[in-house]
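What follows is a set of notes on a single structure, which appears directly below.
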Amino acid sequence: MSLTFDHVTLGQRVLFGTGKAAANLAAEAARLGAQRVMVIASDRETEMARTVAADIEVALWHHDVIMHVPIEVAEKARATAAAADIDLLVCIGGGSTTGLAKAIAMTSRLPIVAVPTTYAGSEATNVWGLTEASRKTTGVDDAVLPVTVIYDAALTLSLPVDMSVASGLNGVAHCIDSMWGPRMDPINAALGSEGIRALSSGLPLITADPSGTEGREQALYGAYLAAVAFASAGSGLHHKICHVLGGTFNLPHAQTHATVLPYVLAFNAPAAPDAEARIAAAFGTIDALTGLQELRKRLDAPTALADYGFTADGIAEAVAIILPAVPASNPRPATPEILTRLLQAALTGGDPRALLDL
Ligand code: NAD
Numbered sequence: 091m092s093l094t095f096d097h098v099t100l101g102q103r104v105l106f107g108t109g110k111a112a113a114n115l116a117a118e119a120a121r122l123g124a125q126r127v128m129v130i131a132s133d134r135e136t137e138m139a140r141t142v143a144a145d146i147e148v149a150l151w152h153h154d155v156i157m158h159v160p161i162e163v164a165e166k167a168r169a170t171a172a173a174a175d176i177d178l179l180v181c182i183g184g185g186s187t188t189g190l191a192k193a194i195a196m197t198s199r200l201p202i203v204a205v206p207t208t209y210a211g212s213e214a215t216n217v218w219g220l221t222e223a224s225r226k227t228t229g230v231d232d233a234v235l236p237v238t239v240i241y242d243a244a245l246t247l248s249l250p251v252d253m254s255v256a257s258g259l260n261g262v263a264h265c266i267d268s269m270w271g272p273r274m275d276p277i278n279a280a281l282g283s284e285g286i287r288a289l290s291s292g293l294p295l296i297t298a299d300p301s302g303t304e305g306r307e308q309a310l311y312g313a314y315l316a317a318v319a320f321a322s323a324g325s326g327l328h329h330k331i332c333h334v335l336g337g338t339f340n341l342p343h344a345q346t347h348a349t350v351l352p353y354v355l356a357f358n359a360p361a362a363p364d365a366e367a368r369i370a371a372a373f374g375t376i377d378a379l380t381g382l383q384e385l386r387k388r389l390d391a392p393t394a395l396a397d398y399g400f401t402a403d404g405i406a407e408a409v410a411i412i413l414p415a416v417p418a419s420n421p422r423p424a425t426p427e428i429l430t431r432l433l434q435a436a437l438t439g440g441d442p443r444a445l446l447d448l
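Heads up: the sequence shown runs through residues 91 to 448, numbered per our numbering.
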């Protein structure tokens with residue numbers, strides 16, 4: 091890998107501590123001089139969010155959170171924040187909740203303090219996403235980067251094991267896809283490698299002991315590194331595929347990432363030997379795909395897009411939307427035939443090794 095590169099590190103405070111979210115949030119709200127705080131938390135996370143926000147004054151609670159941020163949901167939340175004269179957004183929840191806070195920040199320029207409860211990593215990126223008429227649009231705007239992230243592994247204890255696995259593999263996907271993203275550089279690769287190491291050691295601890303915090307701390311730490319690498323490297327082929335499957339076919343984000351990842355890795359790895367070697371080293375296995383597949387097997391990870399509502403009828407439309415978005419940085423050219431083979435295999439959980447020598 092050449093050591094001539096441009097790298098931007100995004101500025102953000104990260105406060106990490108199990109059991110410390112409420113105290114850290116109160117300290118951050120005071121440090122930022124917040125007077126009118128809007129807390130965003132989905133109905134499912136409301137009880138947990140009330141505990142986290144116990145030591146701050148909340149001017150407005152907002153619970154209308156929907157995955158992939160439909161534009162109508164964003165506009166309603168923006169109007170509510172403006173009417174309540176809010177000066178700080180606090181989001182407590184998964185990537186969908188963070189995504190709604192970002193949609194408000196996009197237009198209001200309000201600061202965000204993010205308290206993530208999954209391993210999606212949106213809190214560490216300056217990327218926003220909105221869905222309108224079945225098309226998901228993403229963009230980059232530093233105003234949507236949370237000023238502070240508060241990580242507390244205790245908040246992830248209620249995340250069911252299957253969702254923890256899928257979400258953690260979404261983190262692994264950030265690490266792997268950043269190795270060939272359009273702005274990939276050695277700093278991203280180093281962060282991604284450590285992210286793979288932390289996630290692949292933390293996730294099996296979660297499945298073995300879902301009520302322990304050690305694995306959950308490792309997974310949160312890995313998810314943060316993964317997201318920083320992804321934000322810097324930009325979306326690679328894997329993200330472009332999952333983005334279409336989520337935005338146009340409404341597939342669940344984390345499970346889609348977890349399912350598609352081995353196919354993209356199998357396809358790209360032979361043409362990206364440096365990335366392949368780094369990923370293999372991070373997993374501690376003979377090759378990258380073996381490392382990913384051994385981890386997925388241990389975790390009983392999602393295997394087929396058909397399990398999440400995707401059907402063969404959707405493949406041609408998906409390929410047509412993905413194709414123009416494939417980054418020029420992708421190590422192998424992705425033709426319509428290849429994308430079709432890849433989606434056919436991911437649909438049914440076929441052997442990803444069939445893509446190695448396409
Ligand atoms: P999510 O936020 O929708 O959460 C998934 C489910 O888990 C929901 O039902 C939620 O209520 C539940 N949940 C969350 N935390 C929980 C907890 N601690 N205990 C119990 N249940 C809990 O899903 P996600 O995978 O975290 O995020 C997906 C969204 O985030 C997508 O829209 C995706 O595009 C976006 N995203 C954006 C970026 C970015 O950089 N902009 C990065 C990653 C993901």
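Even for Gly, the Cβ is constructed at its ideal location relative to N, Cα and C. Because the structure is a prediction, the values reported are computed rather than measured.
Exercise. D364 to N278, Cα distance in whole Å?
Worked result: 13 Å
Problem set entry | Which listed residue (G109, V142, V262 and R199) has its alpha carbon closest to that of I369 | Proximity to I369 across G109, V142, V262 and R199 peaks at V262, based on C-alpha coordinates.
For this session: Could you tell me which residues DSSP pairs with G225 in its beta bridges?
Result: The sequence as given places Arg at residue 225; Gly does not occur at that position. Beta-bridge pairing links R225 to E222.
Exercise. By Cβ distance, which residues of its chain are closer than 6 Å to M157, with the 5 residues on each side in sequence left out?
Worked result: S186
For this session: For L150, write down the residues that DSSP places opposite it in a beta bridge.
Result: M128
Exercise. By the 10 Å Cβ neighbour count, where 16 or more other Cβ atoms means buried, how is G495 classified, buried or exposed?
Worked result: The chain is shown from 91 up to 448; residue 495 falls before or after that span and cannot be answered.
For this session: May I ask you to verify whether the region 346-359 touches the region 436-447, counting CB pairs closer than 8 Å and requiring at least 3?
Result: yes
Problem set entry | Opening and closing residue of the beta strand (DSSP E) in which L105 lies | First-last of the beta strand (DSSP E) with L105: R103 to F106.
Problem set entry | Boundaries of the beta strand (DSSP E) in which L179 is found, first to last residue | L178 to G183
Problem set entry | Counted within 10 angstroms of its Cβ, other Cβ atoms place T425 as buried (16 or more) or exposed | T425 counts as exposed, since fewer than 16 other C-beta atoms from the protein chains shown sit within 10 angstroms of its C-beta.
For this session: Flag E135 as yes when its Cβ comes closer than 7 Å to any non-hydrogen atom of the ligand NAD, and as no otherwise.
Result: yes
Exercise. Do M157 and the ligand NAD come close, with the Cβ less than 7 Å from some heavy atom?
Worked result: yes
Exercise. Looking at C-beta atoms only, is the number of pairs between the region 199-217 and the region 109-125 that lie closer than 8 Å three or more?
Worked result: yes
For this session: Could you check what DSSP says for P294 in three-state terms: helix, strand or coil?
Result: helix
Exercise. In three-state terms, what does DSSP make of P160?
Worked result: strand
Problem set entry | Same chain only: Cβ atoms within 8 Å of A359, ignoring 5 sequence neighbours per side | A365, E366, I369, D377, A378, L379 and L446
Exercise. Between the region 214-228 and the region 128-148, are three or more C-beta pairs nearer than 8 Å?
Worked result: no
Exercise. Would you say the beta carbon of M253 comes nearer than 7 Å to a heavy atom of the ligand NAD?
Worked result: Flag set: Cβ of M253 near the ligand NAD.
Exercise. Helix, strand or coil: which one does DSSP assign to A204?
Worked result: Residue state, collapsed to three classes: strand.
For this session: From the DSSP output, in three-state form, read off T375 for me.
Result: Coil, per DSSP.
Exercise. Do you know how far the Cα of D96 is from the Cα of L295?
Worked result: 36 Å
For this session: Kindly list the residues whose CB is nearer than 7 Å to the CB of A111, restricted to its own chain and excluding five residues on each side of it in sequence; keep chain order.
Result: V142, V205, I240, D242 and L245
Exercise. Counting along the chain, where does the alpha helix (DSSP H) carrying Y311 start and finish?
Worked result: E304 to A323
For this session: Could you work out which residue in S248, A323 and T303 is closest to G183 when comparing CA atoms only?
Result: Comparing Cα positions, the closest option is S248.
Problem set entry | Buried versus exposed call for A391 [16 or more other C-beta atoms within 10 Å across all chains shown] | Buried is the call here.
Problem set entry | D267, buried or exposed, once every other Cβ within 10 Å from all chains shown has been counted against 16 | Flag for D267 reads buried.
For this session: Measure from the alpha carbon of A256 to the alpha carbon of each residue in T188, L178 and P342, then state which is nearest.
Result: P342
Problem set entry | Top-ranked residue by Cα proximity to A406, from E384, L432, A418 and D397 | Among E384, L432, A418 and D397, the Cα nearest to that of A406 belongs to L432.
For this session: Would you kindly work out how many angstroms separate the C-alpha atoms of E135 and M253, rounded to a whole number?
Result: 14 Å
Problem set entry | V239 - partner residues in DSSP beta bridges | V239 pairs with V104 and A204.
Exercise. From this set, E137, T99 and A144, which residue's C-alpha is nearest L115's C-alpha?
Worked result: A144
Exercise. Within 7 Å: the Cβ of G336 and any heavy atom of the ligand NAD?
Worked result: yes
For this session: Flag A131 as yes when its Cβ comes closer than 7 Å to any non-hydrogen atom of the ligand NAD, and as no otherwise.
Result: Not one heavy atom of the ligand NAD sits closer than 7 Å to the Cβ of A131.
Exercise. Taking Cβ positions, are V416 and L335 nearer each other than 8 Å?
Worked result: no
Exercise. Does DSSP put V230 in a helix, a strand or coil?
Worked result: Correct three-state label for V230: strand.
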